[in-house]
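Accompanying notes for the structure given below.
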Amino acid sequence: MLKIKINPKKNSHVQKILDLSKEKIDDCMQCGKCSAGCPANAGMDVLPHQVIRLLQIGDVESIKNSKSIWNCAACFTCESRCPRNVSVSKLMEAARQTIVRKQGGDMLNPNFVSKLMEDKKMPQQAVVSGFRKYSK
Ligand code: SF4
Ligand code: SF4
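Here you go:
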């Protein structure tokens with residue numbers, strides 16, 4: 004029988020995601036309520052509860068290589084349904100951040116923000132997101 008040792012504290016990639024999200028993945032009991040309620044689950048190759056499981060076993064690469072983190076709408080439905088108060092939404096965002104930061108794409112020059120706001124087609128979310136990234 005295959006034995007899986009769960010010890011994310013020893014995996015720096017998992018720890019980075021836990022530090023960014025402030026979530027406690029050990030509280031997850033794999034009930035699947037997050038995945039059942041996720042409005043974007045049809046576009047996910049790794050379902051929300053599976054994301055938690057992969058983190059528990061230290062397999063961050065499978066999460067980073069999945070479509071799921073980019074198809075997550077950050078709607079927080081998973082968080083509101085979770086009986087254990089675990090937010091897959093925050094873990095997804097943390098996983099995205101680790102990729103974006105590695106690419107050096109999380110810096111925004113404040114002088115550029117005013118130009119962004121002049122663009123009538125610019126979604127407000129994009130500007131707010133830009134500010135968030137700049138402030139970190
Ligand atoms: S709803 Fe919460 S406890 Fe259930 S699988 Fe999802 S994260 Fe885990
Ligand atoms: S935040 Fe993402 S993972 Fe959670 S329910 Fe919404 S789309 Fe699904």
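First residue of the sequence shown? That's 4 in the numbering used here, and the numbers climb one at a time after it. Idealized CB from N, CA, C, for every residue including glycine.
| Asked | Found |
| --- | --- |
| Start and end of the alpha helix (DSSP H) containing Glu64? | Val63 to Lys67 |
| Helix, strand or coil for Leu50, going by three-state DSSP, please let me know. | coil |
| May I have the straight-line CA-CA distance separating Leu94 from Lys70, to the nearest angstrom? | 14 Å |
| Of the choices Gly46, Cys85, Ser83 and Ile66, whose alpha-carbon is the least far from that of Ala98? | Ile66 |
| Please confirm whether any heavy atom of ligand 1 lies closer than 7 Å to the CB of Gln59. | no |
| Starting from the N-terminal end, write out each residue whose C-beta falls within a distance shorter than 7 Å of any non-hydrogen atom of ligand 2. | Cys37, Gly40, Cys41, Pro42, Ala43, Asn44, Pro51, Cys75, Ala76, Ala77, Cys78, Phe79, Thr80, Cys81, Glu82, Val91, Ser92 and Met95 |
| Under a three-way DSSP split, which group does Asn44 fall into? | helix |
| Looking at C-beta atoms only, is the number of pairs between the segment 45-53 and the segment 21-30 that lie closer than 8 Å three or more? | no |
| Quick one: is the Cβ of Arg84 within less than 7 Å of any heavy atom of ligand 1? | yes |
| For Ile60, which three-state DSSP category applies? | coil |
| Just tell me which of Met47, Asp22, Gly35 and Asn68 has its CA closest to the CA of Cys85. | Gly35 |
| Determine the direct distance from the alpha carbon of Leu119 to that of Cys41, and round the result to whole angstroms. | 32 Å |
| Return the first residue and the last residue of the alpha helix (DSSP H) that Lys93 is part of. | Val91 to Lys105 |
| Which residues in the same chain as Asp48 place their Cβ atom closer than 7 Å to its Cβ, once the five residues preceding and following it in sequence are excluded? | Ser69, Lys70 and Ser71 |
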